[in-house]
Structure formats: C-alpha cells, structure tokens
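Presented below is the structure to which this report refers.
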C-alpha cells in the first residue's frame, strides 16, 4: 500500500535560524504598499536617482539582513551586529552603499510611503550628533574581556607587592646604592672633621710661635716648617709644666726653644697620640687667645 505520508522537504524561503528569503520579505512589504527594487539593476540605474532622495534600503549578505533608513532628516545604519545605530552623513551615503556592494552585499531600494514611527517624528524636530562610532558587538565584547583581564592582572600585581612586601630586583639595587652612598658620605664627613682639626692645630701653633719663628716669604708652609712649629709648641707646653708656678712667663711671651730638644720625644709618639696632641693644642690656643683678649 502506497504511503500517504510524504517526507517534509526543506524550504528555500526560511530556515530554523529565522532567515527569510527575498521573496518572503518582498511579499511581506507588499502588505504595507511597499516595493523592492534591486539597487544595481539596469532599470534603477537608468533613473539616476540620488540615494539621499530615497527613504530606505535593505541590505543582504548570505543569511544576514539589515536596514539603512532615513529617520527625520538623517540617515542611520540599523545593523543589528552593531552596539547601536550608526549615523551616516548625506555625503557618505553613496560611498557607504558602494562599499557594501564591493563586500558582496545585495542592496534593495524600498519604494513607497513608509509607515509612521515615533523615531522619525522625533528626529524631524531635532538633529543628532554622534561623537563615537558604534562598534561591532563581538569587538565590544573582546575589548571588555581584555580590559577585565588587564585589570585583574594589575590588581594581582598590586596585591602581591603590598601583601608580601617583597621588592623586585630594581628596588633592591636602588636601596643598596642608597646605603652605599650614605656610608660614603659618613666617611667623607669623618675625613673632613679630621682635616679641620689638623688645620686648626696648625693655625694655633702658627699664632703662638709667630714671635720666635721667622715668617717665610711663601704663603704656604712646608712640612718641615710645620714640624718645627709643632715641636716648638710641645716644648713650650713641657717647659710650663716643669717650671714652678711663680716662674711662669707671661701668656703673651713665647719662650725660645730649640727644635732639636724635642725631636727624640716626638719620634716615639704614635700617629694617634700626635692627632690627640694636635686637637689639645688647638683647644689650648683658643683658650690662651681668649685670656689675652680679656686682659686687653
């Protein structure tokens, strides 16, 4: 017996994804008194109509449809793959349609009076300005995902740095360099203090022995002259300690001494003892000058 059931054949006018063929769309528009004409057909091209004088275009590529429509006095790309309507200027409209054709789109002109809509009525009174072009939905999602990944990486880096307190190699090198610099500065300060103490001792011996030791013609004293002056000062100090209190000379007078008399004593002194003696001599010189000033 012949089966009364026949296998259902797939339709070329629609599919499960919601795609409709141009025949289905054309018949649907006829309900509203609208007609579709192929934009690049010879019949339409002979009419030489400027695209800005039309009201709407329907564009198709493979299984995707979208509309380019005039709302109010401005054109908009109403592609559902964008994050929002895209404003198209009158001067760019013809170029935009030509670009779609080069990409393989089929373009149809919608002829007839379009039904009224609220957006068209509102844009008849005002014009819109678009500061940023809407992006493709996939592009927008990709950028948002990338921003979230970058933000997460940054937060993790901040948390690791703050939580563990571990410094990276650059920061460790910087801290080591700062520590070495501070040590170097401390050593230079100590050397500067030592040089100033020796200079003061030299100046003190020069003032106290100026009456007995002849001045040289040069402004810079040689090491031998400085040695002789220090020996004279030490000899003076020892003589004052050995003399009884009643036989002390006047503070302003400088006893005559022989540099050779103290040579053997200085030869046995260490550098540390000599430095201590120089500092003591500097302080004694300041005290003697102060007493002299008071007597004047």
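Residue numbers (the UniProt record's numbering): 1 to 296.
Glycine included, each C-beta is placed from N, C-alpha and C at the ideal position.
Using 10 angstroms around the beta-carbon of residue i, count the other beta-carbons present and answer buried if the total reaches 16, otherwise exposed.
i           : result
residue 88  : buried
residue 58  : buried
residue 282 : buried
residue 152 : exposed
residue 93  : buried
residue 30  : exposed
residue 306 : Here the chain covers residues 1 to 296 and nothing more, so residue 306 does not appear.
residue 40  : exposed
residue 107 : buried
residue 285 : buried
residue 179 : exposed
residue 232 : buried
residue 248 : Since pLDDT at residue 248 reaches only 43, below the 50 mark, its modelled position is unreliable, and the value read off the structure follows with that caveat. Flag for residue 248 reads exposed.
residue 77  : buried
residue 51  : buried
By DSSP's criteria, residue i is part of a beta bridge. Which residues make up the other side?
i           : result
residue 69  : 56, 76
residue 320 : Outside the displayed span of the chain (1 to 296) sits residue 320, for which this structure offers no information.
residue 106 : 60
residue 35  : 111
residue 136 : 82
Per DSSP, what kind of secondary structure is residue i in: helix, strand or coil?
i           : result
residue 22  : helix
residue 41  : coil
residue 88  : strand
residue 128 : coil
residue 218 : Caution is warranted here: a pLDDT of 41 is assigned to residue 218, below 50, making its placement in the model unreliable, and no coordinate value can be reported.
residue 305 : Residue coverage of the chain in this structure runs from 1 to 296, which leaves residue 305 outside it and unanswerable.
residue 170 : helix
residue 273 : helix
residue 48  : coil
What is the residue span of the alpha helix (DSSP H) that residue i lies within?
i           : result
residue 120 : 118-123
Practice task
Pair every Cβ in the stretch 107-126 with every Cβ in the stretch 25-35, then say whether three or more of these pairs are closer than 8 Å.
Solution key: Below 8 Å, enough C-beta pairs join the stretch 107-126 and the stretch 25-35 to call them touching: three or more.
Practice task
Determine contact between the stretch 116-131 and the stretch 57-74, defined as no fewer than three beta-carbon pairs at a distance below 8 Å.
Solution key: Yes, the stretch 116-131 touches the stretch 57-74.
Exercise for the section: Evaluate contact between the stretch 141-156 and the stretch 92-102, counting only Cβ atoms and requiring at least three cross-stretch pairs below 8 Å. Expected result: Two segments are said to touch when three or more pairs of C-beta atoms, one from each, lie closer than 8 Å; by this definition the stretch 141-156 does not touch the stretch 92-102.
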